[in-house]
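Quick notes on the structure that follows.
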Amino acid sequence: MAPRAPSPPAPVVLSVGGSVLVTGEDDAGYLARLSEMIRDVARARSLLVTVGGGRTAREYIRLGRELGLTEVELDEIGIDVTRLHARLLAARVGPPAPAVPPTTIARAVHEAHRVSPVILGGTEPGHTTDGVAALLAGRLRAERLVNATNVDGLYERDPRRDPSARRIDRIGWAEFRALVAAGTDGRAGQEFLFDRLGAETLARAGIPLLMVHGRDLANLRSALEGGAFTGTRIG
């Protein structure tokens, strides 16, 4: 009997916050280096990447709120910005990444069975890109979800306001879900620890969440590939 071919590694999902993607500091250089890293990681395993809207989305949402738009309409505006960011990143990554990012979970899952990487933004009102990433991770039975943020992990207090704040290297789902629930009220454009739906989805699926600084690409790559990393592991 011929030896059985080894199973391919499980998919990995990466959620890149808009606060990392567009900062006003060497964004083009960062996007170029991020694209190269995504291409490299995607050669060895199925990789899905969600991209947030960041301050660009928040500025449009702020303006829309002043104009009296509903929260659903504001969500839709934010989603449009995330899709623009996803298209920018997908264009820089190039084939085989779909040039036009998927707009639904089902379509992203379909594409993930054909090509790697798959890059997308938001999908529908009420779902942040972190939440989309978690839903994708659950549907694809991903090995891990890596959340690339503008801090190097989860802290007991905001380290930008309190430099003495201690980073939490590991935390369980129950405690993390309580932190998430206390930190958001569901309004469009909020900055928060992590998406509530996403945390619940990952906890139920038993998929670990890794939080790292998105601009430290060597560390981010190590987290994606299952190596040692500086940051926080949840679950």
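Under the numbering used here, the letters of the sequence shown match residues 149 to 383, in that order. By construction, the Cβ of each residue, glycine as well, lies at the ideal position given by its N, Cα and C atoms. Here the structure is a predicted model, which is why all the values come from computation and not from measurement.
According to the DSSP assignment, residue 296 belongs to the beta strand (DSSP E) that extends over 292-297. Annotated as proximal: residue 269 and residue 249, with beta-carbon spacing under 8 Å.
Residue 358 is bridged by DSSP to 294 and 381. It is roughly 25 Å from the alpha-carbon of residue 183 to the alpha-carbon of residue 302. Looking from the CA of residue 173, the closest CA among 324, 281, 298 and 197 belongs to 298. Our two residues, residue 222 and residue 155, have alpha carbons roughly 43 Å apart in a direct line. For the pair of segments examined, the segment 316-324 was found not to touch the segment 280-290: the number of CB pairs separated by less than 8 Å stays below three.
Where residue 204 is concerned, there is no enclosing beta strand (DSSP E), although the alpha helix (DSSP H) around it starts and stops at 202-214.
8 Å or more divides the Cβ of residue 200 from the Cβ of residue 177. For residue 341, there is no enclosing alpha helix (DSSP H), since its DSSP letter is neither H nor E. Residue 163 and residue 281 do touch by the CB rule: their CB atoms are close to 4 Å apart, below 8 Å. The segment 366-376 and the segment 183-198 touch, with no fewer than 3 CB-CB distances between them shorter than 8 Å.
Around the beta-carbon of residue 259, 16 or more other beta-carbon atoms lie within 10 Å, marking it buried.
Cα atoms of residue 356 and residue 219: separation of roughly 31 Å, rounded to the nearest angstrom.
Note on geometry: alpha-carbon atoms of residue 209 and residue 263 lie some 33 Å from one another.
Straight across, the Cα-Cα distance linking residue 380 with residue 169 is about 20 Å.
If you look at residue 167, you'll find it in the alpha helix (DSSP H) that goes 166-169.
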